[in-house]
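Heads up, the thing below is written out as structure tokens.
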Amino acid sequence: MGKIKNFLKRKDIVFSAKRYGIDALGAMAQGLFASLLIGTIIGTLGTQLNIDIFVKIGDFAKKVSGSAMAIAIAYALNAPPLVLFSMTTVGFAANEIGGAGGPLAVLFIAIIAAECGKAVSKETKVDIIVTPFVTIFIGTLLSILIAPYIGNAAQSFGNAIMWATNLQPFLMGIVVSVLVGIALTLPISSAAICAALSLTGLAGGAAVAGCCAQMVGFAVMSFRENKWGGLFAQGIGTSMLQMGNIVKNPKIWIPPILASAITGPIATCIFRLEMNGPAISSGMGTCGLVGQIGVYTGWVNDASKVITSFDWIGLVLISFVLPAILTYIISLPLRKIGWIGKNDLKLDV
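Just so you know, the sequence shown maps onto residues 1 to 349 in the working numbering.
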């Protein structure tokens, strides 16, 4: 038993929720961002501005999303170079075979393949053959055997959420908005979760509302402590910056969560806000305005969609105006009774 522990330690193979559920999942989202998401944005610009080269570049970026995710995951697991490079094939296979639920298949399979590759790395004199062979063989074999089932399960679960949201837009608008918003602020990836579940449509719109409530809410609520630097860092960066303060005083989380519980059903019931762009955009909120670009991408890609002023008003209200106003108003009595102290929201920005 001691030998196994020493071997795993030497290979930096750590079986933990943080390593796989936070580090790997977060890295997967970055891989998606650097391929599918940025490719979609470039492609949309090309389509709208009638620039063919943008469309071609966007298409190339989107096609390598599986490889980008797997490489990012392996990087987060501190994989050595040969393992890292071999993940190109593993990610492509898992994403391709996993279908709509490909990102979740990539997450599971890339973790296993990377850890197996790390285990054999530099253990033989023919490492240049053994390490990529083991990594690619195990990753691709698992892709063939289980990626369709993982993908179908993720797709089915995502479809169930979207079906429930269409059936009960008020209740599910609250549930999806609050939960995805919380995930965005926690040190896990709401974007990766939305991508893994292919969360789009009305449920995707609720997810956008929840993420915006957290980011814009914290940015505005903490303006007196953090000024303009904090406003931009949280408003178009990430509300995750407040995680340390939340641990110290969880009550500061109440205003953004309540705001998301209000904006979620407004998005689903009144404005019928849908995210029909890339599913990853559902979990990005106002980060680089990716959520809003995703909604717009869905509009322009739908030939039957007529974009109205009501659509724009809804997007602006849900993304910026309501989160700012609601969170600020809700925070005032909490400051008055001392639940939110003078420097409880202070960031080092």
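Here a beta-carbon is modelled for each residue, glycine too, at the ideal position from N, C-alpha and C.
Rounded to whole angstroms, T47 and K118 show a C-alpha spacing of 43 Å. Residue nearest to P255 within the set A267, G102, V216, P278 is V216 (criterion: CA-CA distance).
Sequence-distant Cβ neighbours of V134 in its own chain, meaning closer than 7 Å and more than five residues away, are C116, G117, V120.
Linking G277 to V64 through their CA atoms gives a straight-line distance of about 18 Å. With the rule of 3 Cβ pairs closer than 8 Å, the region 288–303 does not count as touching the region 228–235. Burial state of W253 is buried, judged by a 10 Å Cβ sphere holding 16 or more other Cβ atoms. Around the Cβ of S16, a 10 Å sphere holds fewer than 16 other Cβ atoms; the residue is exposed.
Between G139 and the set P250, I111, I51, the nearest pair of CA atoms involves I111. Of the candidates I193, I257, D12, G66, I193 places its Cα closest to the Cα of G21. Spatial neighbours of A147 in its own chain (CB-CB distance under 6 Å, excluding positions within 5 residues in sequence) are listed in chain order as A94, I97, G98, A105. Per DSSP, M284 has no beta-bridge partner at all. Between the alpha carbons of G39 and L32 lies a distance of about 10 Å.
In the DSSP annotation of this structure, the continuous segment of the alpha helix (DSSP H) that includes R10 starts and ends at 2–10.
At the C-beta level, S189 and L25 come within 9 Å of one another.
With a cutoff of 9 Å on beta-carbon distance, G264 and G210 are scored as near each other. Every alpha helix (DSSP H) stretch that sits fully inside the region 19–92 and reaches 4 residues is listed by chain position as 25–32, 38–49, 52–63, 65–76. Only exposed fits G341, as fewer than 16 other CB atoms lie within 10 angstroms of its CB.
DSSP lists M275 as the beta-bridge partner residues of G201. A straight line joining the alpha-carbon of Q292 with that of I144 spans about 36 Å. In the three-state reduction of the DSSP assignment, P187 falls in the coil class.
Ranked by Cα distance from M172, the options Y149, I266, I330, S319 are led by I266.
With 16 or more neighbouring CB atoms inside 10 Å of its own CB, A114 falls in the buried class. Excluding its 5 nearest sequence neighbours in each direction, A183 has C-beta neighbours in its own chain below 8 Å: S189, S190, I193, G283, listed in chain order.
For G264, the uninterrupted alpha helix (DSSP H) run begins and ends at 254–265, by DSSP. The residues G210, C211, A213, Q214, S260, in chain order, have a CB closer than 6 Å to that of G181 in the same chain once the five nearest residues on each side in sequence are set aside. G91 and D127 have their C-alpha atoms roughly 21 Å apart.
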